[in-house]
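Colleague: Position 51 (the sequence shown) corresponds to 342 in my numbering; numbering is contiguous.
To start, I am sharing the structure in question, which I have written as structure tokens.
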Amino acid sequence: DKNILKHINKLKDIPGSKTLFVAGAWGAVTSIIPDLAQNTVSIISSFYAFLLISLMVYVRTAIFDLLDIQGDTIVGKESIPVFIGESKTKYLLGGLILLTVFLVAVGSATGVVTKFSWCTLPSVALLAACLLIYRNRILLPGTLFEALVESFAYLAGIITAIAKLFT
């Protein structure tokens with residue numbers, strides 16, 4: 292049926308909603324909520340940080356959706372890869388990775404975000420590497436690959452902490 296809206300009774304019925312909501316939740320918890328706790332809040336900077344974090348978490352979560360495509364198809368779960376296809380999902384994720392790099396560069400150049408936003412680029416590169424590893428079947432899906440995908444957030448935190456120590 293072409294009219295997907297007829298079948299949406301709950302948020303979970305929206306194709307790919309889990310991936311989007313997980314990314315949005317991570318973005319809110321790690322950028323907007325901490326900024327609201329401070330007296331000096333830049334709405335633009337908070338939104339920018341929210342966007343960067345949400346994009347990275349979206350890519351991370353969608354990579355796991357790619358790993359689960361067969362199971363999702365069997366149980367009728369409409370993740371992004373099931374809804375638009377595996378190939379289009381890989382292109383979408385590649386585009387989102389490039390958008391994230393572009394936003395870091397523009398945000399830093401315009402002063403919307405601090406120079407510490409550059410510390411996220413190795414994590415973005417790691418997500419890009421994970422996408423390439425998946426696409427080229429360099430590692431089989433399993434614990435090692437999943438740990439590699441999950442490590443993007445730890446990498447960003449470690450690099451930012453080290454950079455903060457030396458500034």
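Yeah, the Cβ is synthetic: ideal placement off N, Cα and C, and Gly gets one too.
All figures in this text were calculated on a predicted structure; none of them were measured in a lab.
Where do the ends of the alpha helix (DSSP H) carrying T310 lie?
Modeller: Where T310 is concerned, the enclosing alpha helix (DSSP H) stretches over 308-318.
Colleague: Taking just the CA atoms, how far does V366 sit from T458?
Modeller: Taking the straight line from one Cα to the other gives about 51 Å.
Colleague: Looking only at its own chain, which residues have a Cβ that is under 6 Å from the Cβ of L430, when we skip the five neighbours before and after it?
Modeller: Excluding positions up to five away in sequence, the list reads I424, F436.
Colleague: Closest to V373 by C-alpha separation, out of K303, K455, G307, A444, would be which residue?
Modeller: For the residues K303, K455, G307, A444, the minimum Cα distance to V373 belongs to G307.
Colleague: Pull up the CB-CB distance for L422 and L446, whole angstroms please, since I reckon it's below 8 Å.
Modeller: Actually they are not in contact, since the Cβ atoms of L422 and L446 sit about 15 Å apart, beyond 8 Å.
Colleague: Judging by CA-CA distance, which residue of G318, S333, I323, A328 is the nearest neighbour of G402?
Modeller: Checked all of G318, S333, I323, A328; the closest Cα to G402 is S333.
Colleague: Just checking my contact of A454 with C410 at CB under 8 Å: how many whole Å lie between their CB atoms?
Modeller: The pair is a contact, with the Cβ atoms about 5 Å apart (cut-off 8 Å).
Colleague: Report the option in I324, I305, S337 whose CA atom is closest to the CA atom of S408.
Modeller: S408 has its Cα closest to that of S337, out of I324, I305, S337.
Colleague: Using a threshold of 8 Å, state whether the C-beta atoms of V313 and V350 are closer than that.
Modeller: No, the Cβ-Cβ distance between V313 and V350 is not below 8 Å.
Colleague: Specify whether the segment 372-390 and the segment 355-364 touch according to this definition: at least 3 beta carbon pairs, one from each stretch, less than 8 Å apart.
Modeller: The segment 372-390 vs the segment 355-364: in contact.
Colleague: Might you give, ordered along the chain, the residues of its own chain that have their beta carbon closer than 8 Å to the beta carbon of S268, omitting 5 neighbours on each side?
Modeller: Residue 268 lies beyond the stretch modelled for the chain, which goes from 292 to 458, so this question has no answer here.
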